[in-house]
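One line per chain: the protein sequences are Z and C, in this order. Under the numbering used here, the first residue of the first sequence is numbered 1, with each subsequent residue one higher. Under the numbering used here, the first residue of the second sequence is numbered 1001, with each subsequent residue one higher. Quick reminder that beta carbons are idealized off the backbone N, C-alpha and C, glycines included. The structure displayed is predicted, hence computed values, not measured ones. To start, the structure under review is shown below, and the notes come after it.
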Amino acid sequence: MSDAKLSLSKTEGSNVFGRIKDKLFGYNFLLFVTIGLFIIMYIAGLIVYKDKNFGNTQVFLNLIISNAGLIITSVGMTMVLIIGGIDISVGSVIAVTCMMLAAMMEKGHIGAIPAIIIVLLFGILFGALQGWLIAYLKIQPFIVTLAGMFFARGLTAVISLEMITITNKTFLDIAKHKIYLPFGGSLNRRGVMVYPYVYPTVVLALVVLIASFIMLKYTKFGRKIYAVGGSEQSALLMGLNVKRTKFIVYIINGFLATLGGIAFCLNTTGAFVELGKGFEMDAIASTVIGGTPLTGGVGNVFGTFFGVLIKAVIETFVSFQGNLSSWWSKIIIAILLGFFIVLQSLIAMKKEKKR
Amino acid sequence: MVLRRVLFRRGDNMAAGNEILTMRRITKNFLGVRALNNVDFTLRANEIHALMGENGAGKSTLIKVLTGAEEFESGEIRIAGINQPVINHSPQEAQINGISTVYQEVNLCPNLSVAENFFIGRELKKFGVIDWKTMNKKAKKAFDDLSINIDVTLTLDNYSVAIQQMVAIARAVDISSKVLILDEPTSSLDDSEVEKLFSLMRKLRDRGIGIIFVTHFLEQVYAVCDRITVLRNGELVGEYAVENLPRLQLVARMMGKEFDDLAAVKRERSEGAVSDPVTVIEAKGLGCTGKIKSFDLSISKGDVIGLSGLLGSGRSELARAMYGADKADSGELEMNSKKLNIRSPLDAMQAGMAFLPENRKEEGIIADLSVRENIILALQAQRGIFRLISKKDQEEFTDKYIDILKIKTSDRETPVKNLSGGNQQKVILARWLLTNPDFLILDEPTRGIDVGTKTEIQRLVVSLAEQGKAVMFISSEIEEMLRTCSRMVVMRDCSKVGELSGDEITQDNIMKAIAGGGSV
Chain Z
1 MSDAKLSLSK TEGSNVFGRI KDKLFGYNFL LFVTIGLFII MYIAGLIVYK DKNFGNTQVF
61 LNLIISNAGL IITSVGMTMV LIIGGIDISV GSVIAVTCMM LAAMMEKGHI GAIPAIIIVL
121 LFGILFGALQ GWLIAYLKIQ PFIVTLAGMF FARGLTAVIS LEMITITNKT FLDIAKHKIY
181 LPFGGSLNRR GVMVYPYVYP TVVLALVVLI ASFIMLKYTK FGRKIYAVGG SEQSALLMGL
241 NVKRTKFIVY IINGFLATLG GIAFCLNTTG AFVELGKGFE MDAIASTVIG GTPLTGGVGN
301 VFGTFFGVLI KAVIETFVSF QGNLSSWWSK IIIAILLGFF IVLQSLIAMK KEKKR
Chain C
1001 MVLRRVLFRR GDNMAAGNEI LTMRRITKNF LGVRALNNVD FTLRANEIHA LMGENGAGKS
1061 TLIKVLTGAE EFESGEIRIA GINQPVINHS PQEAQINGIS TVYQEVNLCP NLSVAENFFI
1121 GRELKKFGVI DWKTMNKKAK KAFDDLSINI DVTLTLDNYS VAIQQMVAIA RAVDISSKVL
1181 ILDEPTSSLD DSEVEKLFSL MRKLRDRGIG IIFVTHFLEQ VYAVCDRITV LRNGELVGEY
1241 AVENLPRLQL VARMMGKEFD DLAAVKRERS EGAVSDPVTV IEAKGLGCTG KIKSFDLSIS
1301 KGDVIGLSGL LGSGRSELAR AMYGADKADS GELEMNSKKL NIRSPLDAMQ AGMAFLPENR
1361 KEEGIIADLS VRENIILALQ AQRGIFRLIS KKDQEEFTDK YIDILKIKTS DRETPVKNLS
1421 GGNQQKVILA RWLLTNPDFL ILDEPTRGID VGTKTEIQRL VVSLAEQGKA VMFISSEIEE
1481 MLRTCSRMVV MRDCSKVGEL SGDEITQDNI MKAIAGGGSV
């Protein structure tokens, strides 16, 4: 009698349909919604802006080109949100990254490669300091990174109040180096076949994206991030090193913020104090729209990628429209953000109810 | 002397020689109090061993010492297969030594899949990356072996607490499979879930694991355990085979009293009955759509009205309707012959009602506030924030109720979270008694509380009624209601289906009324 098979109710995965439904309407659902939304918006663009060549491959690639820095930064932000933290310093870190690069190359006459290595080291150190305060001294990430935000912005202004234009040849060579795709070309007005191109920053962004995906899904460290974000207490009791995991996530985030800053700088080829203001909020918004709730434990970097693309498509729409103020894109993003937050809490509530 | 005799008898039992855990002469002082005094505990392979005792008996301390959550001063712990005495410094170390604990609150990650929770921290890898396919397959097999039929790829939050607990158990025994400690695992499970948990426990026992089962539920001990160790006041009372210790004896051992003490509650009650009833509160056709159908109920001074019925029969809903926690949409309520119009719980308080909610952790205590602050809360609310109670009065009231209710606390400024469950419940009771209510509603006041404190609260209820208060008492335990109530209201399917009083109140009659069909 004690061997009686434990028969569980049907909600607990006995039928195939129920199982598929459970999977579909879990947190993965958010990812599907994000990708679906992007596809719908893209198709809508194809129809509405048909005469403006919206369907051109280059227009699509431009979405990524102009947002390579944001993609890299948002990937870092995704990890921070998964672990249940937040980082509002990244916009200022990007500014100080650009400013340091520009100052070192233009005023310090340091080569482009050493300058890039130096700022990356700065990013790691900056992330380590913030991470140490958050993980080991248990200070709220909001406050720590608020201080970080002021510090980095202040440092930017101290380095130079004037705008610095980068003229370093190596740097500009990297910035302007077009990598042509072997397909998707179209004939221009003169009848010459033009192939679409990307810049190195796009390659960098995609490498970061894929590497992060593999790390989050297929390494022990990646899974620890989810475990800590899901329940710090449980992770601790299961023998995971919660503090170190948090610490390292903030280091990675610091590194990715400066890497994003470098990509940003390659786009602008100049630095000024106000650069990247509000950028941290764009990164958070893209991450949340990409299906990573602020509550932690859940998230996917590909969702974040599509979150960035959705923001980029909206901005492209607004600019294609011509007569609209660019602030309209903020309003639309706000509405989307609201929609996704409501969706996330509906899913959370549904799970709660089920139990 | 009793102690020595018991030890001697246990010595005979030990002949089998398959002990996997022996704790000897464990002593631990806690803030100057001797929490454990020379306690012995023995666990054998293939047994489910209940650790019983009232709050403060030392159960939790013994478990904490064993799992390394607390240190101990003297004594010796030995684990089979380890040649020297073991001292665990952390739960992780205990786990390495073969001792795992599963608590009432499931310590897993709800956002991860079942398989991942099973493997986390020791993931399987292939070519340097996590091998999800094999992990899912192995987890599936592990759960199948335990007859737990679930989809391991779904996230844990898709499953009930019961299943989550089983996942935690499966993980624990997979990591280290000698000693499994289950600390109050059944508190939030329903009957069928408890049965499933039990069959899992039996299965693990048959595999050679020793299980330590800590619970308040006596029936569950007899349903699943092989052996019982009883502690009282930090000392070992004895170790018994289940078949040699009838339930009454167990209760007596735990309390250090004879069972007649328990039965006396009811006798006290009937002797002190009020002869000339004065109605305190009367509901006429009171109802709340979707929650409770219209009912009439009149409660007099000195009444203890019991509400009985199955879970979901509308017991709590009836109480909530009377208190105004759920707004009634039909009928009326009179208190001391005055019509009441209750719009909020504050109105009900002003009218002289008090309500101890079912869920003391969420609705009752404020864990970080002190005993004094918790006790003073309702009175302050009743008086309004502009008429502050002086510090001196506060202290006086608090000390008075600590004394009357025998609240065990080091002093009145101790945060309530440091008190045991039973004492927290007393603090809430003190809070409401301080407002001097005419009508007191107690919703499951003894749930999760040890037998001794239970009896104290039952006695208190009876004596409150004798002092002229009207009391409504809701409990899932019929025996408890039989002992304390002067009248019994029976609920079924969200409506009041009958009333019993005096000699009619017997288990038989109540069961019949709950089941329906027969005349009440």
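query, result
"Rounded C-beta distance between Ser1475(C) and Glu1504(C)? I'm assuming under 8 Å.", "That pair is no contact at about 18 Å."
"Compare the C-beta of Met349(Z) with all C-beta atoms of chain C and state if any pair is closer than 8 Å.", "no"
"Distance, Cα to Cα, Thr97(Z) vs Val202(Z)?", "18 Å"
"What is the rounded straight-line gap between the Cα of Gly338(Z) and the Cα of Leu275(Z)?", "27 Å"
"Does Val242(Z) come within less than 8 Å of chain C when only Cβ atoms are used?", "no"
"Under a CB-based cut-off of 8 Å, is Met238(Z) close to chain C?", "yes"
"If we define contact as Cβ-Cβ less than 8 Å, is Asp1261(C) a contact residue for chain Z?", "Caution is warranted here: a pLDDT of 49 is assigned to Asp1261(C), below 50, making its placement in the model unreliable, and the coordinate value is therefore given only provisionally. No, because no Cβ of chain Z sits closer than 8 Å to the Cβ of Asp1261(C)."
"Name the two residues that bound the continuous alpha helix (DSSP H) containing Thr201(Z).", "Pro200 to Tyr218"
"Suppose only complete runs of 4+ residues qualify. What are the alpha helix (DSSP H) ranges in the segment 1123-1211 of chain C, listed by chain order?", "1132-1145, 1161-1175 and 1191-1206"
"Decide if Met1349(C) is buried, meaning its Cβ has at least 16 other Cβ atoms within 10 Å, or exposed.", "buried"
"Which residues of the segment 211-222 of chain Z have a Cβ closer than 9 Å to any Cβ of chain C? Give them in chain order.", "Ile214, Lys217, Tyr218, Thr219, Lys220 and Gly222"
"Taking 6 Å as the limit between beta carbons, can you name the residues of its chain near Gln344(Z), skipping five residues before and five after?", "Pro293"
"So who's on the other strand from Asp1443(C), going by DSSP bridges?", "Ile1474(C)"
"I'd like to know whether the C-beta atoms of Thr115(Z) and Ile164(Z) end up nearer to each other than 8 Å.", "Going by the sequence as given, residue 115(Z) is Ala instead of Thr. No, the Cβ-Cβ distance between Ala115(Z) and Ile164(Z) is not below 8 Å."
"At 7 Å on the CB atoms, spell out the chain Z contacts of Glu1123(C), in chain order.", "Lys220 and Arg223"
"The segment 1403-1425 of chain C: which residues have C-beta closer than 9 Å to a C-beta of chain Z, in chain order?", "none"
"What residue from Phe1198(C), Lys1138(C) and Arg1253(C) has the CA that sits closest to Asp1450(C)'s CA?", "Arg1253(C)"
"So the candidates are Ile1428(C), Ile1212(C), Thr1153(C) and Lys1338(C); which of them puts its Cα closest to the Cα of Glu1047(C)?", "Ile1212(C)"
"What did DSSP end up calling Arg1267(C) once you bin it into helix, strand or coil?", "Residue confidence for Arg1267(C) is low, a pLDDT of 46 falling below 50, so the modelled location carries little weight and cannot support an answer."
"Among the candidates Lys220(Z), Leu204(Z) and Ala211(Z), whose CA atom is the shortest distance from the CA of Ile64(Z)?", "Leu204(Z)"
"Expressed to the nearest angstrom, what Euclidean distance is found between the alpha-carbon atoms of Lys330(Z) and Lys50(Z)?", "24 Å"
"How long is the line joining the alpha carbons of Met215(Z) and Leu209(Z), rounded to whole angstroms?", "10 Å"
"Might you give, ordered along the chain, the residues of its own chain that have their beta carbon closer than 8 Å to the beta carbon of Met238(Z), omitting 5 neighbours on each side?", "Ala227"
"Skipping 5 residues on each side, what residues in its chain have a beta carbon closer than 8 Å to that of Ser326(Z)?", "Glu315, Val318 and Ser319"
"Report yes if the CB atom of Val1179(C) is closer than 8 Å to the CB atom of Ile1099(C), and no otherwise.", "yes"
"In angstroms with no decimal places, state the Cα-to-Cα distance between Val1274(C) and Gln1467(C).", "In this predicted model, Val1274(C) has a pLDDT of only 48, less than 50, meaning its place in the structure is not dependable; the value taken from the coordinates is given anyway. Their Cα atoms are separated by approximately 10 Å."
"Please determine if the segment 1285-1294 of chain C and the segment 1312-1320 of chain C are in contact, where contact requires at least 3 C-beta pairs separated by less than 8 Å.", "yes"
"Check whether the segment 1066-1083 of chain C and the segment 1153-1163 of chain C touch, using three or more Cβ-Cβ pairs below 8 Å as the test.", "no"
"On the three-state DSSP scale, how would you describe Phe302(Z)?", "helix"
"Is Leu1146(C) closer than 8 Å to Ala1170(C) when the C-beta atoms are compared?", "yes"
"Taking only beta-carbon atoms, is Val1129(C) less than 8 Å away from chain Z?", "yes"
"Strictly under 8 Å for the Cβ-Cβ distance: is Glu1116(C) near chain Z by that measure?", "yes"
"Write down every uninterrupted run of the alpha helix (DSSP H) in the segment 1037-1091 of chain C whose length is 4 residues or greater and which is fully enclosed by it, in chain order.", "1059-1067"
"Taking three-plus beta-carbon pairs below 8 Å as touching, is the segment 242-251 of chain Z in contact with the segment 120-139 of chain Z?", "yes"
"Based on DSSP bridge pairs, tell me the residues matched to Pro1415(C).", "Ser1370(C)"
"Indicate whether at least one CB of chain C lies closer than 8 Å to the CB of Gln344(Z).", "no"
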